[in-house]
Ligand code: NDP
Ligand code: GDR
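Residue numbers (the UniProt record's numbering): 1 to 370.
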């Protein structure tokens with residue numbers, strides 16, 4: 001049985017990758033942070049009681065900023081494959097905590113590579129580094145591919161640039177099987193609530209159910225190449241099964257603006273939006289609705305731009321060319337953007353229906369204490 005070690009196992013990709021590797025028969029070890037509230041929502045369905053024998057899903061406390069912890073865990077686990085997914089992954093937040101981001105996302109990747117080398121596992125353990133289309137930043141070439149020059153535009157992008165080159169350097173210096181997956185944006189129903197797609201689908205679902213009138217958004221003109229996380233974690237694994245270690249772009253090849261993503265989300269609930277104004281004055285209004293119970297009137301404002309969500313430096317346009325991965329690894333994505341938006345909307349409507357049920361119906365208390 002192959003053994004994998006996933007950092008960032010509690011995140012969106014960590015959860016999908018765990019499911020994928022368990023189905024392939026792997027023993028999966030994961031790194032999770034200690035937090036004052038439970039942080040394992042996305043992987044609770046995979047949890048195995050520590051009192052049971054022969055577990056194949058095992059969690060360990062740790063942190064990307066703690067070298068001794070990472071060295072000890074890698075020494076104990078001796079993984080065949082490490083997927084380094086842990087990161088402070090929010091671009092806008094990285095402007096607020098740049099030093100921490102550099103430590104966790106940049107030096108964190110180095111800590112993993114150096115632990116593998118230091119422990120003499122460099123010819124046993126393969127390393128996948130979660131690199132990102134944010135490396136491309138300011139547009140140098142369209143579409144972006146493996147040879148496109150990097151120009152990161154945020155502390156997050158700069159930290160990930162360090163991690164990218166550390167991975168290449170360890171491959172070249174120590175002959176390690178270390179690879180970068182340069183993944184473009186990928187989303188899912190368990191995407192973090194503050195990334196733009198999930199923020200939109202959650203807010204749209206709330207509006208559809210009358211739990212909220214409108215929401216605020218940042219740059220509507222930004223364009224992203226959005227895929228489904230399920231398709232992308234499969235590629236992480238394929239990258240480590242390739243004949244030789246290389247770096248790979250994973251993307252759909254299609255780009256969509258934030259404004260159009262909002263329109264697609266509202267279309268799922270039978271509502272057409274009309275956008276008026278430009279820049280920070282732009283607003284989205286309900287133009288038509290096919291739903292008889294839609295709680296908002298035609299003409300009402302449901303989206304409003306708020307300058308606070310703009311970034312000091314923006315990445316305007318991302319669209320990837322994954323020809324290399326398609327031709328050499330045979331990757332074929334299964335989800336279209338339409339499928340993705342539909343799945344996210346269906347999931348958030350369900351989630352918000354629970355909220356609505358509690359709000360409207362209240363809940364019955366069992367009066368143990370009266
Ligand atoms: P998430 O933000 O959903 O998950 C990040 C994970 O990293 C969480 O498990 C988080 O733990 C953990 N983490 C954060 N900081 C630390 C730390 N200091 N020590 C240990 N663990 C830490 O990200 P995604 O799943 O979306 O992304 C996975 C990786 O891929 C990230 O590295 C991201 O930068 C990169 N990436 C993502 C893309 C995307 O579109 N999703 C595209 C390209 C790259 P906790 O749950 O406790 O917060
Ligand atoms: P991104 O994702 O920065 O591409 O990084 P995010 O969803 O945060 O932003 C995408 C684009 O939408 C614009 N935007 C807003 N973004 C957020 N979060 N909130 C808003 O209200 C809003 N309004 C407009 C942004 O300006 C941006 O242009 C994600 C992360 O998963 C990274 O970890 C990963 O490396 C990259 O994708 C690829």
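Cβ atoms here follow ideal geometry from the backbone N, Cα and C, with glycine treated the same way. Treat the numbers as computed from the prediction; the structure is a model and nothing was measured.
Using C-beta distances below 8 angstroms, list every residue in its chain close to residue i, excluding the 5 sequence neighbours before and after it, in chain order.
i           : result
residue 334 : 228, 230, 231
residue 359 : 211
residue 193 : 199, 202
residue 272 : 263, 266, 286, 287, 288, 289
residue 33  : 10, 39, 61, 62, 63
residue 56  : 1, 22, 26, 27, 28, 48
residue 142 : 317, 319
Can you tell me the Cβ-Cβ gap for residue i and residue j, rounded? I've got them flagged as a contact below 8 angstroms.
i           : j           : result
residue 130 : residue 183 : 7 angstroms
residue 171 : residue 12  : Actually they do not touch by this definition, with Cβ atoms about 27 angstroms apart.
residue 28  : residue 18  : 5 angstroms
residue 253 : residue 157 : That pair is no contact at about 21 angstroms.
residue 132 : residue 160 : 5 angstroms
residue 71  : residue 37  : The Cβ separation is near 28 angstroms, so there is no contact.
residue 74  : residue 115 : 5 angstroms
residue 220 : residue 305 : 7 angstroms
residue 80  : residue 145 : That belief does not hold up - the Cβ atoms of residue 80 and residue 145 are roughly 29 angstroms apart, past 8 angstroms.
Please confirm whether residue i and residue j have their CB atoms less than 9 angstroms apart.
i           : j           : result
residue 185 : residue 226 : yes
residue 296 : residue 303 : no
residue 298 : residue 280 : no
residue 317 : residue 255 : yes
residue 325 : residue 250 : yes
residue 77  : residue 5   : yes
residue 309 : residue 218 : yes
residue 240 : residue 176 : no
residue 187 : residue 340 : yes
residue 162 : residue 102 : yes
residue 44  : residue 189 : no
residue 122 : residue 174 : yes
residue 353 : residue 213 : no
Expressed to the nearest angstrom, what Euclidean distance is found between the alpha-carbon atoms of residue i and residue j?
i           : j           : result
residue 40  : residue 10  : 6 angstroms
residue 223 : residue 14  : 25 angstroms
residue 155 : residue 165 : 16 angstroms
residue 1   : residue 24  : 9 angstroms
residue 322 : residue 246 : 14 angstroms
residue 111 : residue 263 : 43 angstroms
residue 315 : residue 137 : 5 angstroms
residue 106 : residue 293 : 50 angstroms
residue 206 : residue 126 : 43 angstroms
residue 282 : residue 46  : 44 angstroms
residue 50  : residue 30  : 14 angstroms
residue 275 : residue 104 : 39 angstroms
residue 329 : residue 242 : 7 angstroms
residue 100 : residue 369 : 46 angstroms
residue 342 : residue 89  : 24 angstroms
residue 346 : residue 261 : 15 angstroms
residue 8   : residue 91  : 17 angstroms
residue 3   : residue 327 : 28 angstroms
residue 291 : residue 362 : 26 angstroms
residue 83  : residue 337 : 26 angstroms
residue 244 : residue 284 : 49 angstroms
residue 93  : residue 65  : 18 angstroms
residue 235 : residue 42  : 20 angstroms
residue 59  : residue 169 : 30 angstroms
residue 117 : residue 69  : 15 angstroms
Which partner residues of residue i appear in the DSSP bridge assignment?
i           : result
residue 101 : DSSP, once it has assigned bridges, lists no residue as partnering residue 101.
residue 284 : 275, 303
residue 248 : 181
residue 309 : Looking at the DSSP assignment, residue 309 forms no beta bridge with any residue, so it has no partner.
residue 129 : 84, 180
residue 38  : None; residue 38 has no bridge partner.
residue 227 : 186
residue 6   : 30, 83
residue 61  : 32
residue 338 : Answer is none; residue 338 lacks a bridge partner.
Is residue i near the ligand HEM - that is, is its Cβ less than 8 angstroms away from at least one heavy atom of it?
i           : result
residue 356 : Among the ligands modelled here, namely the ligand NDP and the ligand GDR, the ligand HEM does not occur.
Among the residues of its own chain, which have a CB less than 6 angstroms from the CB of residue i, if the five just before and after it don't count?
i           : result
residue 97  : none
residue 269 : 208
residue 180 : 129, 131, 164, 167, 247
residue 67  : 111
residue 344 : 189, 201
Are the C-beta atoms of residue i and some chain C residue less than 9 angstroms apart?
i          : result
residue 90 : In summary, chain C is missing from the structure at hand, where a single protein chain is found.
What does a CB cutoff of less than 7 angstroms around residue i pick up in its chain, not counting 5 residues either side in sequence?
i           : result
residue 307 : 280
residue 196 : 258
residue 140 : 148, 149, 151
residue 312 : 95
residue 215 : 203, 303
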